[in-house]
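Before any comments, here is the structure.
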Amino acid sequence: MSYWLYLPNHLPERAESKGMPLVVMLHGCHQTATQFAQGTRMNLWAEKKGYAVLYPQQLATIQPQRCWKWYDRATQEGGGDVPTILTMIHQVLTQYAIDRSRIYVAGISAGAGMANILALNHPRLFAAVGLHSGPVFGAGHNTLGALGVMKHGAGLRTDTAVHDLLQRQPQFPGMPAILLQGAGDNVVRPINQIQLARQSMLLNRLTGPAKVTLKPKGRHNAHQLHDLYVGRKLMLRIAHIEQLEHAWSGGDPALAFNAKAGPDASKMLLEFFSRHQR
Numbered sequence: 001m002s003y004w005l006y007l008p009n010h011l012p013e014r015a016e017s018k019g020m021p022l023v024v025m026l027h028g029c030h031q032t033a034t035q036f037a038q039g040t041r042m043n044l045w046a047e048k049k050g051y052a053v054l055y056p057q058q059l060a061t062i063q064p065q066r067c068w069k070w071y072d073r074a075t076q077e078g079g080g081d082v083p084t085i086l087t088m089i090h091q092v093l094t095q096y097a098i099d100r101s102r103i104y105v106a107g108i109s110a111g112a113g114m115a116n117i118l119a120l121n122h123p124r125l126f127a128a129v130g131l132h133s134g135p136v137f138g139a140g141h142n143t144l145g146a147l148g149v150m151k152h153g154a155g156l157r158t159d160t161a162v163h164d165l166l167q168r169q170p171q172f173p174g175m176p177a178i179l180l181q182g183a184g185d186n187v188v189r190p191i192n193q194i195q196l197a198r199q200s201m202l203l204n205r206l207t208g209p210a211k212v213t214l215k216p217k218g219r220h221n222a223h224q225l226h227d228l229y230v231g232r233k234l235m236l237r238i239a240h241i242e243q244l245e246h247a248w249s250g251g252d253p254a255l256a257f258n259a260k261a262g263p264d265a266s267k268m269l270l271e272f273f274s275r276h277q278r
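As numbered in UniProt numbering, residues 1 to 278 make up the sequence shown, in order.
The structure is reproduced here in structure tokens:
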């Protein structure tokens with residue numbers, strides 16, 4: 001499995017003394033790592049804010065469309081491609097000055113499903129997770145089941161998957177999450193975001209009500225932010241974006257699975273991540 005690593009040319013003072021924060025970015029089906037980097041423009045924001053960015057690339061020999069197998073039960077429990085990606089991360093940690101308290105993981109679609117699996121199985125490695133158009137965790141278990149989850153969510157597995165995880169990890173420390181979803185997404189439908197939010201509330205022991213911010217349509221698509229806090233700490237941000245289909249919000253429309261209209265998902269991810277460290 002190959003990976004690409006972006007290193008910023010200019011480091012903020014904090015990164016010079018403590019090391020760079022690292023974002024692991026996982027592409028969706030039918031994408032390469034470099035297409036994902038170009039489409040999301042994440043490297044431009046990483047340069048501005050002093051982040052390193054790691055882009056693993058799924059092998060076409062493992063999955064012909066380069067999909068991460070987020071629906072596979074063994075992968076959900078920390079097997080499959082999880083150890084391979086962890087090995088990449090540890091290689092980068094040994095070779096570069098990375099702040100180990102500020103490692104984050106994000107992705108779109110199947111990549112979001114895989115990012116969530118990494119974060120939930122290794123919550124002490126990752127300080128926060130970002131899921132764009134992602135499927136709910138812990139369901140599917142075969143290709144046909146995965147399609148059902150993408151269309152209809154996980155049903156009763158929504159809660160059961162969390163209870164199973166907490167049985168495996170009784171000392172689960174919580175996982176800050178930002179969830180971005182297009183209202184017009186017919187590939188991974190919005191029911192998945194509702195259920196991911198439910199799972200995050202259970203894992204982080206959050207109770208409502210959420211603080212709601214409405215952003216009207218202007219230069220960007222209209223969108224709603226639902227924020228849940230523990231004290232003053234923002235633990236869960238749910239961004240529901242009107243008119244957005246199955247595409248990276250604020251991306252480069254010259255590449256597939258990217259929508260020109262904002263809000264800029266890459267900027268939103270880094271702003272959320274900057275609030276969290278282990």
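Note that beta-carbon positions come from the ideal geometry of N, C-alpha and C, so glycine has one too.
What are the boundary residues of the alpha helix (DSSP H) that residue 181 is part of?
-> From DSSP, residue 181 is part of no alpha helix (DSSP H) but of the beta strand (DSSP E) over 177-182.
For the region 89-172, list the alpha helix (DSSP H) runs that are entirely contained and at least 4 residues long, ordered along the chain.
-> 110-121, 143-152 and 157-168
Return the chain-ordered ranges of every alpha helix (DSSP H) run that is complete within the region 184-236 and spans a minimum of 4 residues.
-> 191-203
Less than 7 Å separating the beta-carbons of residue 28 and residue 257?
-> yes
Between 59, 66, 33 and 5, which lies nearest to residue 47 when the distance is taken from Cα to Cα?
-> 5
List the endpoints of the continuous beta strand (DSSP E) containing residue 4.
-> 2-6
Please determine if the region 160-180 and the region 237-247 are in contact, where contact requires at least 3 C-beta pairs separated by less than 8 Å.
-> yes
Excluding the 5 residues preceding and the 5 following residue 73 in the sequence, name in chain order all residues of the same chain whose CB lies nearer than 8 Å to its CB.
-> 141
Can at least three beta-carbon pairs, one atom from the region 109-121 and one from the region 130-146, be found at a separation below 8 Å?
-> yes
Ranges of the beta strand (DSSP E) found wholly within the region 16-101, counting only runs of at least 3 = 20-26 and 52-57
Specify the secondary structure class of residue 265 as computed by DSSP and reduced to three states.
-> helix
Residue 239 - partner residues in DSSP beta bridges = 180 and 225
Given a cut-off of 7 Å, decide if residue 18 and residue 99 are closer than it, judged by their beta-carbon atoms.
-> yes
Nearest-angstrom Cα separation, counted from residue 275 out to residue 212 | 19 Å
What separation, rounded to the nearest whole angstrom, lies between the Cα atoms of residue 198 and residue 8?
-> 36 Å
Have a look at 244, 62, 143 and 210 and flag the residue whose alpha-carbon is nearest the alpha-carbon of residue 232.
-> 210
Between residue 185 and residue 93, which are expected to be in contact by the criterion C-beta below 8 Å, what is the C-beta distance as a whole number of angstroms?
-> Not a contact, Cβ separation roughly 34 Å.
Roughly how far, in whole angstroms, is the beta-carbon of residue 175 from the beta-carbon of residue 119, given that I think they are within contact range, below 8 Å?
-> 5 Å
For residue 255 versus residue 228, is the C-beta spacing smaller than 7 Å?
-> no
What's the call for residue 25, buried or exposed, on a 16-neighbour Cβ count within 10 Å?
-> buried
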